[in-house]
Amino acid sequence: MHTLNIENLKVTHKDGKEIVHGVSLAVKSGELHIVMGPNGSGKTTFLNALLGHPSYAISSGTIVIDGEDITNIPTEKKAEKGLFLSMQYPPEVAGVTVLSFLHRAYRLIKKEEIAVLDFYRTLEEKLKKINIDPALLKRFVNVGFSGGEKKQSEVVQLIALAPRFAFLDEIDSGVDVDALGKVFAGIEMLRKDGTAFVIVTHHGAILERVKPDFVHVMKDGQIVRSGGAELAHEVLAKGFKE
């Protein structure tokens, strides 16, 4: 069992404006947390700051995994500790296949040597279980991908790297029903193996796919309410209110 404790995190944009005003969150292995909130409430900033996005600075607070403070270590070291971020708008990387990218990332993060063919075969087997076409591995990272393919590619990365804690920003946005099923099949596969998820969303459809352990409402840079799945249903019915 792994634990992630985020305590009173405050995040400032590079222009000096504080956007996140003291967010605390406790996450354990296998849990699924949903973070909801109106546009501009600081949700994406919060996730980006956790992994060390250069546009944001953690001005106070701590990020602790299994008792170890990792607040100020470099992004690549946070990845080695088991943190993963799926961005809302992932970049394209021309000339680099998904397989090549993930094989190198796996070796660097896991500190394990594995032949590329063995890596491919293991990953291919897992992808077939959730109906994601392994041909995706041979394409350049996000180049020419549809919205659904980009989200599936993020799930491929998750499955390949098997992080302890995954932060997903709008993983259900702009995705058709078929692709959405594959995305959440991958999430459930990883949850069973212990990966914990924090998912930022605006859409109620996510509740048809997963049952969250916790739901948090973020507003004006703070978490103003927390509860179970019933809170998400209330928010969808009544809007974002404290």
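Residue numbers for the sequence shown follow this note's numbering, so the first one is 50 and each next one is one higher.
Quick reminder that beta carbons are idealized off the backbone N, C-alpha and C, glycines included.
In the structure shown, the three-state DSSP call for Lys59 is strand. Glu117 has Ile114 as its beta-bridge partners, per DSSP.
Ala143 sits in a strand when the DSSP states are folded into three classes.
When the beta-carbon positions are compared, Gly270 and Val69 come within less than 7 angstroms of each other. Along the length of the stretch 72-116, whole beta strand (DSSP E) runs at least 3 residues long occupy 81-85 and 105-114, reported in chain order. Around Lys127, the same chain offers Leu100, Gly101 and Ile119 as residues with beta carbons nearer than 7 angstroms, after the five sequence neighbours per side are excluded. A Cβ-Cβ separation of about 7 angstroms places Ile114 in contact with Gly131 under the 8 angstroms criterion. Taking a C-beta distance under 7 angstroms as the contact criterion, Lys200 and Val226 do not qualify as a contact pair. The criterion of a C-beta distance shorter than 7 angstroms is satisfied by Gly79 and Gly243. A residue is called buried when at least 16 other Cβ atoms come within 10 angstroms of its Cβ; Gly235 meets this threshold and is buried.
The Cβ atoms of Glu203 and Ser149 lie no closer than 7 angstroms to each other.
Residue burial annotation: Pro103 is exposed, with fewer than 16 other C-beta atoms found within 10 angstroms of its C-beta. When DSSP assignments are scanned along the stretch 164-197, the uninterrupted stretches of alpha helix (DSSP H) that are 4 or more residues long and fall wholly within it turn out to be 165-178.
DSSP places Ala245 inside the beta strand (DSSP E), whose first and last residues are Ala245 to Val249.
One alpha carbon belongs to Gln137, the other to Ile220, and they sit about 7 angstroms apart.
Taken through DSSP and simplified to helix, strand or coil, Ala215 comes out as strand. Sixteen is the threshold: since fewer than 16 other Cβ atoms of the shown chains lie within 10 Å of the Cβ of Leu157, the residue is exposed. Contact check for Leu81 and Ile248: beta-carbon distance about 7 angstroms, within the 8 angstroms limit, so the pair qualifies. Rounded to whole angstroms, the separation of the alpha carbons of Pro123 and Leu74 is 21 angstroms. Boundaries of the beta strand (DSSP E) harbouring Met267: Phe263 to Lys268, taken from the DSSP string.
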